[in-house]
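Residue numbers (the numbering used here): 17 to 167. All C-beta atoms in this analysis are idealised placements derived from N, C-alpha and C, irrespective of residue type, glycine included. These numbers were taken from a predicted model, which means no experiment stands behind them. First comes the structure, then the notes that go with it.
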Amino acid sequence: MKTKTILFTVLFLAIGFLLPAQKQIKLGIIGLDTSHSIAFTKLLNSENKEEKYKAFRIVAAYPYGSQTIKSSYERIPDYIKQVEGYGVEIVSSIADLLKKVDCILLETNDGNLHLEQAYEVFKSGKIMFIDKPVGATLAQAIAIFKLAKQY
C-alpha cells in the first residue's frame, strides 16, 4: 500500500498543478470490482482526511468491470452500497461519468478492459490514474502508453 500511496500522492500533485484554480477536484472511479476503489473512497471522502487530500473528492463511479472474473463481479453490489455511503453517485456509463468529474481513477480489476476504458477517458482529455495492471498483456500496456502520448 505504500507504493500505492506514493503513486496516488504523485497523481494528486500533478492534478494540483494542472487544475490549480479549482477549489475542489471532482474524481470519478471506473470499476467497483476491487477493494482499491473502497480504500480510495474512504481516504478521499472521509470527514477527517489528511490535509494534502482536502481538495479531492470522489463524486461518481461507474461500477462495472469484469464479467468473467467471478470474485470481481460478485463484489460490485456491496461495493456500490459502500461508496454510496460516502456520497458517491453511481452512473450507468463511462460517458456519463466523464460529464461529472475532472479526473478518473481507472480501478477495474481486469486488465483486459483497461485499454478500451482508458481510450474513452483519453478521448475526453481528462487526467487519469490507471491502477495495476496497466493492461493484461504487454501489447495492451504499450497501446495504453501510446494513446496517453497521443492524447
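Backbone CA spacing between residue i and residue j [nearest angstrom]
i: F72; j: L154; result: 32 Å
i: E63; j: K97; result: 18 Å
i: I158; j: V99; result: 32 Å
i: Y80; j: L131; result: 15 Å
i: A164; j: I54; result: 26 Å
i: S87; j: K39; result: 38 Å
i: G44; j: I74; result: 6 Å
i: N125; j: Y95; result: 13 Å
DSSP state of residue i mapped onto helix, strand, coil
i: G127; result: helix
i: I85; result: coil
i: N13; result: In the structure as shown, the chain begins at 17 and stops at 167. Residue 13 is therefore absent and cannot be evaluated.
Terminal residues of the beta strand (DSSP E) in which residue i lies
i: I41; result: 41–46
i: K78; result: Inspection of the sequence shows that residue 78 is occupied by Tyr rather than by Lys. Residues 72–78.
Endpoints, alpha helix (DSSP H) assigned at residue i
i: I158; result: 154–166
i: T50; result: Where T50 is concerned, there is no enclosing alpha helix (DSSP H), given that its DSSP letter is neither H nor E.
i: D112; result: 110–116
Assigned exposure category for residue i - 16 Cβ within 10 Å defines buried
i: T19; result: Per-residue confidence for T19 stands at a pLDDT of 49, beneath the threshold of 50, marking its modelled position as unreliable; the derived number appears in the next sentence. Exposed is the call here.
i: E123; result: buried
i: G101; result: exposed
i: D147; result: buried
i: D49; result: buried
Beta bridge counterpart(s) of residue i as assigned by DSSP
i: E105; result: A76
i: I143; result: C119
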